[in-house]
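Residue numbers (the working numbering): 297 to 725.
Just so it is clear, CB atoms sit at the ideal spot from N, CA and C, and this is done for glycine as well.
Reviewing the structure listed below.
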Ligand code: ADP
């Protein structure tokens with residue numbers, strides 16, 4: 297099933313034509329309504345008409361998160377204040393939050409891409425959605441809510457936390473679909489097991505997981521632990537929120553469709569900013585083709601992945617790989633490049649370790665020192681913990697070639713942000 301079959305299966309040449317028409321309109325809109333973009337184009341000696349289509353986008357500079365901060369809170373808005381019907385903000389671990397605004401048309405698009413994503417994940421009208429994303433300034437809760445309503449699902453707006461209540465609702469309200477972060481899905485799965493909740497007594501069939509990077513190992517654990525078909529949903533508030541891309545429940549592992557009639561993707565070299573060929577890993581960059589209130593040109597997401605068309609797939613839109621990390625998560629430790637995911641892939645053979653971890657980097661004298669905070673399953677004696685930490689440390693040393701301190705933490709004790717997200721890297725140098 298599709299939510300909008302015509303657009304989801306549009307032949308590529310028609311999709312390009314549509315993107316190019318939308319891009320023309322977008323460039324006029326931002327040039328005339330956002331002084332920042334007018335100035336940026338003027339500095340490059342460009343007029344909107346110099347960008348004939350998406351193939352010319354590389355002529356434009358990137359928009360960075362810092363540009364949003366510099367124009368805090370509303371100076372990148374492209375419509376009069378009275379046309380802005382909703383304002384969200386992302387958590388902003390450093391200083392002020394990043395603010396985004398939506399017009400009525402933007403909210404309609406948000407609902408549309410989330411509805412599309414839910415269908416792609418296996419959800420159907422008439423099913424119930426257990427929405428365990430946080431409601432509030434974070435786009436996850438309200439974003440999924442709107443799209444599910446548009447699709448014709450009954451939304452249970454549980455929001456994050458309070459696991460006892462979540463479990464009660466899963467058992468008594470019998471939702472067929474759940475959406476939350478992958479790490480919270482793991483927590484729910486562990487709690488079901490601990491409390492002896494029979495999975496056959498739940499109605500869950502599909503889990504739509506996103507807002508943080510995850511792996512095939514986590515998918516296996518969640519699928520077994522909640523008896524669901526689990527797919528990836530990706531998004532960021534600057535572009536719209538969740539629903540920028542979604543994995544199909546019957547095409548798992550082949551990437552997530554980017555709804556490119558609305559969000560035009562590029563992957564560029566993290567250092568030079570040069571566009572990279574399909575299939576190569578780099579920084580994901582988006583141009584919002586249809587947004588009105590806060591459109592963005594070439595927004596530098598900082599997320600590392602690759603994009604590629606999948607000719608055998610149900611839909612024609614391009615697919616993105618799982619996010620490997622954030623470009624600014626890439627650490628240089630004693631001259632060696634390190635992504636948190638390199639540590640993550642070493643976790644699965646250690647059955648007592650959870651994939652919930654954080655790398656902390658400090659200077660000790662002139663030396664970079666990495667500490668790995670990682671959660672164990674809560675069933676270990678202290679002496680066993682020391683042995684496990686030593687074994688994991690050894691594994692890291694053998695595979696990555698760096699010595700790190702491994703510190704075991706009880707379940708839930710690796711620090712999370714207010715939105716419940718784990719940040720994989722804390723660089724204190
Ligand atoms: P906040 O900044 O408050 O965390 P955002 O919605 O802006 O809220 O967060 C977006 C970021 O979350 C993305 O840029 C990406 O790094 C991460 N993210 C979202 N969905 C996924 C996903 N499915 N896989 C990996 N990372 C994701």
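**OP:** Please report how far the alpha carbon of residue 614 lies from the alpha carbon of residue 553, in whole angstroms.
**Re:** If you number the chain shown from 1, residue 614 lands on position 318. If you number the chain shown from 1, residue 553 lands on position 257. Between residue 614 and residue 553, the C-alpha separation is close to 6 Å.
Original post:
By how many angstroms is the C-alpha of residue 540 removed from the C-alpha of residue 749?
Top reply: Beyond the ends of the chain as shown, which are 297 and 725, falls residue 749; an answer cannot be given.
Original post:
Unbroken beta strand (DSSP E) runs of length 3 or more, entirely within the stretch 360-384: which are they?
Top reply: none
Original post:
If you draw a straight line from the alpha carbon of residue 490 to that of residue 498, how long is it in whole angstroms?
Top reply: As a working note, residue 490 is residue 194 in the chain shown. As a working note, residue 498 is residue 202 in the chain shown. Using only the alpha carbons, I get a separation of about 15 Å.
Subject >> Residues bridged to residue 552 [DSSP beta-bridge criterion] >> reply: Stepping through the chain shown from its first residue, residue 552 is reached at position 256. 543 and 616.
Subject >> Through-space distance from residue 537 to residue 652, alpha-carbon basis >> reply: On the chain shown, position 356 is the one that residue 652 refers to. On the chain shown, position 241 is the one that residue 537 refers to. The alpha-carbon atoms of residue 652 and residue 537 are separated by roughly 24 Å.
Original post:
Sorted by chain position, which residues of the same chain lie with C-beta nearer than 7 Å to residue 479's C-beta, five sequence neighbours on each side aside?
Top reply: The residue you call residue 479 lines up with position 183 of the chain shown. Once the five neighbours on either side are set aside, the close Cβ partners of residue 479 are 508, 652 and 718.
Subject >> Cβ shell of residue 691 (< 7 Å), same chain only, five flanking positions each side left out >> reply: Start at 1 with the first residue of the chain shown, and residue 691 comes out as number 395. Cβ neighbours of residue 691 beyond the five flanking positions: 642.
Original post:
Three or more beta-carbon pairs under 8 Å between the stretch 468-487 and the stretch 447-456, yes or no?
Top reply: yes
Subject >> Cβ shell of residue 572 (< 7 Å), same chain only, five flanking positions each side left out >> reply: Here the question's residue 572 lines up with position 276 in the chain shown. Within the same chain, residue 572 has close Cβ partners 563, 564, 565 and 578.
Original post:
Do residue 533 and residue 435 come within 8 Å of each other at the CB atom, strictly closer than that value?
Top reply: Indexing the chain shown from 1 puts residue 435 at position 139. Indexing the chain shown from 1 puts residue 533 at position 237. For residue 435 and residue 533, yes; Cβs fall inside 8 Å.
**OP:** With hydrogens ignored, establish whether the beta-carbon of residue 532 is closer than 7 Å to any heavy atom of the ligand ADP.
**Re:** To locate residue 532, count along the chain shown from 1; it is residue 236. Yes, since a heavy atom of the ligand ADP falls inside the 7 Å radius drawn around the Cβ of residue 532.
Original post:
Which residues in the same chain as residue 685 place their Cβ atom closer than 8 Å to its Cβ, once the five residues preceding and following it in sequence are excluded?
Top reply: What you label residue 685 is simply residue 389 of the chain shown in a count that begins at 1. Contacts found: 702, 703 and 704.
Subject >> Contact test: residue 586 Cβ vs the ligand MN heavy atom, cutoff 7 Å >> reply: Here the bound small molecules are the ligand ADP; the ligand MN is not part of this structure.
Original post:
Based on the DSSP secondary-structure assignment, which residues constitute the bridge partners of residue 601?
Top reply: Mapped onto the chain shown, residue 601 falls at position 305. Answer is 578.
Original post:
Does residue 338 have its Cβ less than 8 Å from a Cβ in chain B?
Top reply: Included in the structure is just one protein chain, with no chain B present.
Original post:
Would you say residue 701 touches the ligand ADP, meaning its beta carbon is less than 7 Å from a heavy atom?
Top reply: Counting from 1 along the chain shown, the entry for residue 701 is found at position 405. Answer for residue 701: no, Cβ out of range of the ligand ADP.
**OP:** Evaluate the contact criterion for the stretch 344-357 versus the stretch 373-381: three or more CB pairs, one atom per stretch, below 8 Å.
**Re:** no
Subject >> residue 325 versus 658, 589, 316 and 633, residue with shortest Cα-Cα distance >> reply: Taking the first residue of the chain shown as position 1, residue 325 is located at position 29. Of the listed residues, the one whose Cα sits closest to residue 325 is 589.
Original post:
Is it buried or exposed for residue 700, if we count other Cβ within 10 angstroms and need 16 for buried?
Top reply: Locating residue 700 in the chain shown gives position 404, counting from the first residue. So residue 700 counts as buried.
**OP:** Using 7 Å as the cut-off, classify the Cβ of residue 486 as near or not near the heavy atoms of the ligand ADP, replying yes or no.
**Re:** Position 190 of the chain shown, counted from the start, is the residue given in the question as residue 486. Residue 486: no, Cβ never under 7 Å from the ligand ADP.
Original post:
Which residues in the same chain as residue 710 place their Cβ atom closer than 8 Å to its Cβ, once the five residues preceding and following it in sequence are excluded?
Top reply: Walking along the chain shown from the start, residue 710 turns up at place 414. The answer, listed in chain order, is 652, 653, 654, 669, 670, 671 and 718.
Subject >> Residue nearest to residue 344 in terms of C-alpha spacing, selected from 528, 367, 330 and 320 >> reply: As a first step, residue 344 must be located in the chain shown, where it is residue number 48. For the residues 528, 367, 330 and 320, the minimum Cα distance to residue 344 belongs to 320.
Subject >> Boundaries of the alpha helix (DSSP H) in which residue 333 is found, first to last residue >> reply: Walking along the chain shown from the start, residue 333 turns up at place 37. Run containing residue 333: 331-339, per the alpha helix (DSSP H) assignment.
Original post:
For residue 435, is the beta carbon positioned less than 7 Å from some heavy atom of the ligand ADP?
Top reply: Within the chain shown, residue 435 is the residue found at index 139, counting from 1. Yes, the Cβ of residue 435 comes within 7 Å of a heavy atom of the ligand ADP.
Original post:
With residue 506 and residue 531 assumed to form a contact (beta carbons below 8 Å), what rounded beta-carbon distance in angstroms separates them?
Top reply: For this step, residue 506 is matched to residue 210 along the chain shown. For this step, residue 531 is matched to residue 235 along the chain shown. 7 Å between Cβ atoms; contact.
Original post:
Rounded to whole angstroms, how far is the Cβ of residue 585 from the Cβ of residue 315, which I believe are closer than 8 Å?
Top reply: Mapped onto the chain shown, residue 585 falls at position 289. Mapped onto the chain shown, residue 315 falls at position 19. Contact flag correct, Cβ pair sits at about 6 Å.
Subject >> N- and C-terminal bounds of the alpha helix (DSSP H) containing residue 406 >> reply: Indexing the chain shown from 1 puts residue 406 at position 110. 400-416 is the extent of the alpha helix (DSSP H) around residue 406.
**OP:** Using only the heavy atoms of the ligand ADP, determine whether one of them is closer than 7 Å to the beta carbon of residue 619.
**Re:** As a position in the chain shown, residue 619 is number 323, starting the count at 1. Yes, Cβ of residue 619 sits closer than 7 Å to a heavy atom of the ligand ADP.
Original post:
How close, in whole Å, do the beta carbons of residue 576 and residue 602 come, if the pair is a contact with beta carbons under 8 Å?
Top reply: Your numbering for residue 576 matches position 280 in the chain shown. Your numbering for residue 602 matches position 306 in the chain shown. Going by Cβ atoms, the distance from residue 576 to residue 602 rounds to 6 Å, so yes, they are a contact pair.
Subject >> Residue closest to residue 648, alpha-carbon to alpha-carbon, out of 550, 639 and 676 >> reply: Reading the chain shown from its first residue, position 352 is the one you call residue 648. Considering only alpha carbons, the answer is 676.
Original post:
What residue does the alpha helix (DSSP H) around residue 441 start on, and which one ends it?
Top reply: For the purposes of this step, residue 441 is taken as the residue at position 145 of the chain shown. Note, residue 441: alpha helix (DSSP H), 435-447.
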